[in-house]
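Asker: Dropping a structure here in structure tokens format, bear with me for questions.
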Amino acid sequence: MGYRVAVVGATGNVGREMLNILAERQFPVDEIVALASRRSLGTEVSFGDKTLKCKDLDTFDFTGWDMALFAVGSEATQKYAPGAAKAGCVVIDNSSLYRYDSDVPLIVPEVNPQAVHDYAKKNIIANPNCSTAQMVVALKPLHDRATIKRVVVSTYQSVSGSGKEGADELWDQTKSIYNPTSDVPPNKFTKQIAFNVIPHIDVFMEDGSTKEEWKMVAETKKIVDKNIKVTATCVRVPVFVGHSEAINIEFEDHLDEDEARDILREAPGIMVIDKREDGGYVTPVECVGDFATFISRIRQDSTIDNGLNLWCVSDNLRKGAALNAVQIAELLGREVLKKG
Ligand code: 2RA
Numbered sequence: 035m036g037y038r039v040a041v042v043g044a045t046g047n048v049g050r051e052m053l054n055i056l057a058e059r060q061f062p063v064d065e066i067v068a069l070a071s072r073r074s075l076g077t078e079v080s081f082g083d084k085t086l087k088c089k090d091l092d093t094f095d096f097t098g099w100d101m102a103l104f105a106v107g108s109e110a111t112q113k114y115a116p117g118a119a120k121a122g123c124v125v126i127d128n129s130s131l132y133r134y135d136s137d138v139p140l141i142v143p144e145v146n147p148q149a150v151h152d153y154a155k156k157n158i159i160a161n162p163n164c165s166t167a168q169m170v171v172a173l174k175p176l177h178d179r180a181t182i183k184r185v186v187v188s189t190y191q192s193v194s195g196s197g198k199e200g201a202d203e204l205w206d207q208t209k210s211i212y213n214p215t216s217d218v219p220p221n222k223f224t225k226q227i228a229f230n231v232i233p234h235i236d237v238f239m240e241d242g243s244t245k246e247e248w249k250m251v252a253e254t255k256k257i258v259d260k261n262i263k264v265t266a267t268c269v270r271v272p273v274f275v276g277h278s279e280a281i282n283i284e285f286e287d288h289l290d291e292d293e294a295r296d297i298l299r300e301a302p303g304i305m306v307i308d309k310r311e312d313g314g315y316v317t318p319v320e321c322v323g324d325f326a327t328f329i330s331r332i333r334q335d336s337t338i339d340n341g342l343n344l345w346c347v348s349d350n351l352r353k354g355a356a357l358n359a360v361q362i363a364e365l366l367g368r369e370v371l372k373k374g
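This is the structure in structure tokens:
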């Protein structure tokens with residue numbers, strides 16, 4: 035006996051990946067429904083070797099459904115998630131709406147699986163921001179061994195993090211630069227991303243940081259340890275899929291690079307590719323479609339006591355969003371609902 039599962043926002047990048055991953059991981063589904071806005075009614079989406087026709091989210095009754103994986107913006111989540119939760123369907127939400135709500139667990143299953151038992155307060159579980167998810171998978175095993183004091187992270191985030199529009203913009207800009215006669219006027223865009231990098235993701239905050247950077251700080255504290263100091267610089271780069279991060283860590287206790295590498299090699303969700311030679315590290319194009327969080331360039335930071343540098347790459351649509359949400363669904367089923 036399996037679960038009755040809804041995927042909300044099934045026509046978006048993340049919603050489609052949720053369906054792909056539910057099928058790839060053979061999640062125990064008795065029934066699955068793809069939900070989307072009225073304008074996408076009837077749109078066909080894949081679920082393994084099956085094709086689902088999207089149904090209307092606006093009129094859907096979640097009563098009797100076990101879980102709803104939400105892959106829509108905060109506004110639509112605000113409109114539909116409370117009703118689904120009230121109908122007894124556990125909401126696993128990929129938007130940022132509930133991440134910082136003390137009554138809603140924010141979960142990366144490799145890091146804080148025990149938090150799944152806190153779901154019942156609102157019948158909602160929050161999925162972290164993509165740039166946070168891959169980082170905390172790497173931080174957690176090292177924190178358990180040597181207690182992290184401070185993290186300095188610079189991200190190199192792909193355009194798919196900002197949705198289909200972001201990918202289209204990179205594609206259109208690249209075309210317009212290579213083929214100036216193309217039908218896309220180069221000045222259509224706010225800031226050029228093709229052959230460029232943009233140190234600005236989400237909105238600016240009062241202190242000069244961006245909300246993306248604030249999210250990495252707040253979410254790392256909620257998921258791993260509130261005592262960890264985090265400072266982030268989040269940058270958009272001309273890559274279609276795959277977020278990369280240069281992470282500098284300061285520990286309370288000494289941890290040498292070899293021991294750190296051994297710990298990461300054994301840690302859940304991590305693939306270490308770390309050879310000090312040409313190609314001995316992972317780049318974004320190599321992570322696409324994979325479940326793993328890849329770690330490379332592990333090396334001591336000798337400028338501080340107990341310092342370590344590492345390079346972290348992962349598919350932002352998978353571990354950064356859809357995979358983590360499906361892993362939460364697996365955790366919820368295994369630890370709480372216990373069907374299937
Ligand atoms: C981004 N992390 O990359 C944000 C939202 N997915 O744009």
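Here the sequence shown stands for residues 35 to 374, numbered as in my numbering.
Where is the CB? At the ideal position from N, CA and C, for every residue including glycine.
1. Assuming Asp349 contacts Val275 (C-beta within less than 8 Å), just tell me the rounded distance between them.
2. When you compare the CB positions of Val42 and Tyr132, do they come within less than 9 Å of one another, or not?
3. Buried or exposed: where does Asn261 fall if 16 or more other Cβ atoms within 10 Å of its Cβ makes it buried?
4. Helix, strand or coil for Gly122? Go by DSSP, reduced to three states.
5. DSSP beta-bridge partners for Met239?
6. What do you get for Arg73, buried or exposed, if any count of 16 or more other CB atoms within 10 angstroms of its CB means buried?
7. Just list the residues that DSSP pairs Tyr37 with in beta bridges.
8. Around the ligand 2RA, what residues have a beta-carbon under 6 Å from a heavy atom of it, in chain order?
9. Return the Cβ separation of Ala266 and Val251 in integer angstroms, given the expectation that the two are a contact with Cβ distance under 8 Å.
10. CA-CA distance, Thr181 and Ile126?
11. Residues in its own chain within less than 7 Å of Pro175 by CB, not counting five upstream and five downstream?
12. Just to confirm, is the Cβ distance from Leu351 to Arg331 under 9 Å?
13. Excluding the 5 residues flanking Glu144 on each side, which residues of the same chain have their C-beta closer than 6 Å to its C-beta?
14. Who does Leu103 pair with in a DSSP beta bridge?
15. When the Cα atoms are used, what is the spatial distance from Asn340 to Val150?
16. Quick one: what does DSSP say Gly341 is sitting in, helix, strand or coil?
17. Are the CB atoms of Gly76 and Cys88 nearer to each other than 9 Å?
18. Could you check what DSSP says for Glu9 in three-state terms: helix, strand or coil?
19. With burial defined as no fewer than 16 other Cβ atoms inside 10 Å of the residue's Cβ, what is the status of Asn213: buried or exposed?
20. Go ahead and pull the three-state DSSP assignment for Gln226.
21. Heavy atom of the ligand ZN less than 8 Å from the Cβ of Ala57, yes or no?
22. What does DSSP give as the partner residues of Leu140 in its beta bridges?
23. Which two residues bound the contiguous alpha helix (DSSP H) that contains Arg299?
24. Could you pull the DSSP bridge partners for Asp335 from this structure?
25. Taking 8 Å as the cut-off, does the region 276-284 touch the region 232-242 (at least 3 CB pairs, one atom from each stretch)?
26. Check this for me: beta carbons of Pro139 and Asn358, under 9 Å apart or not?
27. Which residues does DSSP list as the beta-bridge partners of Tyr212?
28. Would you kindly report the start and end of the unbroken beta strand (DSSP E) that includes Leu91?
29. Using only the alpha-carbon positions, how far apart do Tyr153 and Ser136 sit?
30. What is the DSSP secondary structure of Val322, reduced to helix, strand or coil?
31. Among Leu204, Phe104, Gly98 and Ser80, which residue has its Cα nearest to the Cα of Val360?
32. Can you check DSSP and say which residues form a bridge with Val264?
33. According to DSSP, which residues form a beta bridge with Tyr190?
34. What do you get for Gln191, buried or exposed, if any count of 16 or more other CB atoms within 10 angstroms of its CB means buried?
Answerer: Checking against the coordinates, here is how it stands:
1. Along the sequence shown, one-based indexing puts residue 349 at 315. Along the sequence shown, one-based indexing puts residue 275 at 241. Right, the Cβ-Cβ distance comes to about 6 Å (below 8 Å), so this counts as a contact.
2. Looking up residue 42 in the sequence shown gives position 8. Looking up residue 132 in the sequence shown gives position 98. Taking 9 Å as the Cβ cut-off, Val42 and Tyr132 do not qualify as a contacting pair.
3. As a working note, residue 261 is residue 227 in the sequence shown. Under this definition Asn261 is an exposed residue.
4. Start at 1 with the first residue of the sequence shown, and residue 122 comes out as number 88. DSSP places Gly122 in coil when its eight states are reduced to three.
5. Here residue 239 refers to the residue found at position 205 of the sequence shown. In DSSP, Met239 forms no bridge with anything.
6. Locating residue 73 in the sequence shown gives position 39, counting from the first residue. By the neighbour-count rule (16 or more Cβ atoms within 10 Å), Arg73 is not buried but exposed.
7. On the sequence shown, residue 37 is found 3 positions in, with the first residue counted as 1. The partner list for Tyr37 (beta bridge, DSSP) reads Val63.
8. Asn163, Cys164, Ser165, Gln191, Gly195, Ser196, Ile235 and Glu246
9. Position 232 of the sequence shown, counting from 1, holds the residue named residue 266. Position 217 of the sequence shown, counting from 1, holds the residue named residue 251. Indeed, because the Cβ distance is near 6 Å, the residues count as touching under 8 Å.
10. Locating residue 181 in the sequence shown gives position 147, where the first residue counts as 1. Locating residue 126 in the sequence shown gives position 92, where the first residue counts as 1. For Thr181 and Ile126, the distance between alpha carbons rounds to 30 Å.
11. Mapped onto the sequence shown, residue 175 falls at position 141. The residues are Ile297, Leu298 and Ala301.
12. In the sequence shown, residue 351 corresponds to position 317, counting from 1. In the sequence shown, residue 331 corresponds to position 297, counting from 1. Against a cut-off of 9 Å, the Cβ pair of Arg331 and Leu351 comes out as no contact.
13. As a first step, residue 144 is located in the sequence shown; it is residue number 110 there, counting from the start. Closer than 6 Å at Cβ, skipping near neighbours: Val171, Pro302 and Gly303.
14. To locate residue 103, count along the sequence shown from 1; it is residue 69. Per DSSP, Val41 and Ile126.
15. Locating residue 340 in the sequence shown gives position 306, where the first residue counts as 1. Locating residue 150 in the sequence shown gives position 116, where the first residue counts as 1. Their backbone Cα atoms lie some 33 Å apart in a straight line.
16. Here residue 341 refers to the residue found at position 307 when the sequence shown is read from its first residue. The answer is strand: DSSP assigns Gly341 an E or B state.
17. Position 42 of the sequence shown, counted from the first residue, corresponds to residue 76. Position 54 of the sequence shown, counted from the first residue, corresponds to residue 88. Yes, they are a contact pair.
18. With the chain covering only 35 through 374, there is no way to say anything about residue 9.
19. Along the sequence shown, read from residue 1 onward, the residue named residue 213 stands at position 179. With fewer than 16 other Cβ atoms within 10 Å, it is exposed.
20. Locating residue 226 in the sequence shown gives position 192, counting from the first residue. It is coil, neither helix nor strand.
21. The ligand ZN is absent from the structure shown, which contains only the ligand 2RA.
22. Working through the sequence shown from its first residue, we reach residue 140 at position 106. Leu140 pairs with Ala160.
23. In the sequence shown, the residue the question calls residue 299 occupies position 265. Here the alpha helix (DSSP H) through Arg299 covers Glu291 to Glu300.
24. Indexing the sequence shown from 1 puts residue 335 at position 301. Answer by DSSP bridge pairing, in chain order: Gly341.
25. no
26. Within the sequence shown, the letter at position 105 stands for residue 139. Within the sequence shown, the letter at position 324 stands for residue 358. No, the Cβ-Cβ distance between Pro139 and Asn358 is not below 9 Å.
27. Residue mapping note: residue 212 aligns to position 178 of the sequence shown, counting from 1. Paired residues: none, contrary to the question.
28. Here residue 91 corresponds to residue number 57 of the sequence shown, with the count starting at 1. Looking at the DSSP string, Leu91 is not in any beta strand (DSSP E), and its letter there is neither H nor E.
29. For the purposes of this step, residue 153 is identified with residue 119 of the sequence shown, where counting begins at 1. For the purposes of this step, residue 136 is identified with residue 102 of the sequence shown, where counting begins at 1. Distance between the alpha carbons of Tyr153 and Ser136: 11 Å.
30. The sequence position of residue 322 within the sequence shown is 288, counting from 1. Of the three classes helix, strand and coil, the one that applies to Val322 here is coil, per DSSP.
31. Sequence index remark: in the sequence shown, residue 360 carries index 326 (1-based). Residue Phe104 is the option with its Cα nearest to Val360.
32. Here residue 264 is taken as the residue at index 230 of the sequence shown, counted from 1. Bridge partners of Val264: Val185.
33. On the sequence shown, position 156 is the one that residue 190 refers to. Tyr190 is bridged to Val269 and Ser278.
34. Position 157 of the sequence shown, counting from 1, holds the residue named residue 191. Label assigned to Gln191: buried.
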